[in-house]
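Colleague: Input: one structure, supplied below.
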Ligand code: BGP
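Residue numbers (our numbering): 3 to 471.
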């Protein structure tokens, strides 16, 4: 549809950007923090350990001041569960509680609304050693963690996100270091049992939030990519529906409607992998209601029909996968790619927003979107990231079009506020508006520099998205 009368974004649109604890903070085993699964994993060859990252733990004041200079209305960050409760359950680490309390106060001092992700890929290692999300107890452990957060920060935090990219934890956990399925007899059974526990934990945490903090708002934060069929062949359409259900709708159908997606149910039945559901579980899922949907969008996916032959292939969050008899990835010839091979699809962003809104009719906030690139610091201290500006501009244009079509958008938080460590591609894959002066293994001085995109985004925020030039 051609839109000639563009609507303005809401006055209270939440402009900001995102980070996650294990990728930005550093101080990963100090100040009372227990290890998380990220700290005990073997980092991919050629990439940095997570002990320093961007040193946000020590420099959060300087970093939040820079965010304020850009005009941020919100800052999305995550709490490291094992910083707050080192063993995942039991004793609370007061120093960890104080750290996030200070981060929240610093945001509020600058009129920045904290948007807090409760769990972003960093399950406490102590819980993982006991069996992680495979144990039924994990549900209550998460709810207890949520209670600690609500008790300590609920007076100041209005917006909460439950679990970052639960769909990626389930689909590509091996790649992002959140758990291995090596040696597991039926990996589908394990993964979707873990998934059931996470869904239940999320539902209970949302319910508890509404009980303890009646003015707060809470929602999930999956990674949603609309899936296209590779052609107009009917079998490609079926493959696209399969992957849409497995990758996207399972998670939102459950969070919003409290029911299992029927295609995913059939897929699990075929694999003898239906989760064990206890009496009452589905009532809990149904009773819990998110106030909004947070979602991460990087690009769309395209798939074609896959016959029953061949092996299952795993990609990363945004690329290449195959499941015989279900779908297989197809390189979309209409799209450009980033230096790291991820497709770029701003129009697909609009298609994704439209589809999500027509399915769930809830306000939405973009909790990640962005371009990973090899940025260069020039001798005079500049970073000319016009490619990033171009990427973000095209995506914001699509938000404005979607809003003009009646989609309710609350805000936009690209990935990432500041350079940090990628999930599996190291420090060199940079996303931030703020450059951090370090290399993969040479920490240099960790000084902060404003990229060209920093000044551009400041102007975008100042004009509430009217001036994207
Ligand atoms: C999302 C994660 C983030 C982040 C981002 C970019 O899947 O929620 O933690 O890192 O993707 O991915 P990558 O770091 O692999 O480039």
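Each residue gets a CB set at the ideal place from its N, CA and C atoms; glycine is no exception.
All values reported here derive from a predicted model rather than from experimental measurement.
What do you reckon, are the CB atoms on residue 312 and residue 288 nearer than 8 Å?
Modeller: It is not a contact, given that the beta carbons lie outside the stated cut-off.
Colleague: I'd like to confirm something about residue 40: is its beta-carbon nearer than 7 Å to some heavy atom of the ligand BGP, or not?
Modeller: No.
Colleague: Does the beta-carbon of residue 335 have 16 or more other beta-carbons within 10 angstroms, so that it is buried, or is it exposed?
Modeller: Exposed is the call here.
Colleague: Can the beta-carbon of residue 174 be found less than 8 Å from the beta-carbon of residue 319?
Modeller: In this structure, residue 319 lies closer than 8 Å to residue 174 by Cβ.
Colleague: With DSSP run on the structure shown, which of helix, strand or coil describes residue 369?
Modeller: Strand at residue 369.
Colleague: So does residue 56 have its beta carbon nearer than 7 Å to some heavy atom of the ligand BGP?
Modeller: Outside the cutoff, so no.
Colleague: Spatial neighbours of residue 54 within its chain, please: C-beta separation below 7 Å, excluding the five flanking residues on both sides.
Modeller: Cβ neighbours of residue 54 beyond the five flanking positions: 28, 445.
Colleague: What residue range does the alpha helix (DSSP H) around residue 208 cover?
Modeller: Residues 189 to 214.
Colleague: Among the candidates 291, 383, 254, whose CA atom is the shortest distance from the CA of residue 360?
Modeller: For residue 360, the nearest C-alpha among the options comes from 254.
Colleague: To the nearest whole angstrom, what separates the beta carbons of residue 225 and residue 130, a pair I think is in contact under 8 Å?
Modeller: Residue 225 to residue 130, Cβ: 21 Å. No contact.
Colleague: Is residue 397 near the ligand BGP, with its Cβ less than 7 Å from a heavy atom?
Modeller: False, no ligand heavy atom lies under 7 Å from that Cβ.
Colleague: Just the Cα atoms here: how many angstroms apart are residue 433 and residue 391?
Modeller: Going by the C-alpha atoms only, they are around 11 Å apart.
Colleague: Taking residue 343 as the reference, give the member of 329, 354, 322, 362 with the closest Cα.
Modeller: For the residues 329, 354, 322, 362, the minimum Cα distance to residue 343 belongs to 322.
Colleague: According to the neighbour-count rule (16 or more other Cβ atoms, all chains shown, within 10 Å of its Cβ), is residue 88 buried or exposed?
Modeller: Buried, because 16 or more other Cβ atoms sit within 10 Å of the Cβ of residue 88.
Colleague: Compare the Cα-Cα distances from residue 315 to each of 326, 305, 306, 203 and report the closest residue.
Modeller: Out of 326, 305, 306, 203, 326 has the C-alpha closest to the C-alpha of residue 315.
Colleague: Which whole-angstrom value is the C-beta distance of residue 210 and residue 145, which I expect to be below 8 Å?
Modeller: Going by Cβ atoms, the distance from residue 210 to residue 145 rounds to 6 Å, so yes, they are a contact pair.
Colleague: Keeping to the same chain, check which residues put their C-beta closer than 7 Å to that of residue 176; ignore five residues upstream and five downstream.
Modeller: Once the five neighbours on either side are set aside, the close Cβ partners of residue 176 are 182, 183, 316.
Colleague: In three-state terms, what does DSSP make of residue 325?
Modeller: Note: residue 325 maps to strand in three-state DSSP.
Colleague: With DSSP run on the structure shown, which of helix, strand or coil describes residue 8?
Modeller: Here residue 8 sits in coil by DSSP.
Colleague: Comparing alpha-carbon positions, which option in 235, 368, 95, 450 lies nearest residue 37?
Modeller: It is 95 whose Cα lies nearest to the Cα of residue 37.
Colleague: Sort out for me which residues DSSP pairs residue 79 with in a bridge.
Modeller: Its beta-bridge partners are 118.
Colleague: How is the alpha helix (DSSP H) around residue 485 delimited, first residue to last?
Modeller: No answer is possible for residue 485: it lies beyond the span of the chain, which begins at 3 and ends at 471.
Colleague: Starting from residue 223, follow the beta strand (DSSP E) in both directions and report where the run begins and ends.
Modeller: Segment 219 to 223, the beta strand (DSSP E) holding residue 223.
Colleague: Can you give me the C-alpha to C-alpha distance between residue 245 and residue 328, rounded to a whole angstrom?
Modeller: Distance between the alpha carbons of residue 245 and residue 328: 8 Å.
Colleague: The ligand BGP and residue 170: does any heavy atom of the ligand fall closer than 7 Å to the residue's C-beta?
Modeller: Yes - the ligand BGP has a heavy atom lying nearer than 7 Å to the Cβ of residue 170.
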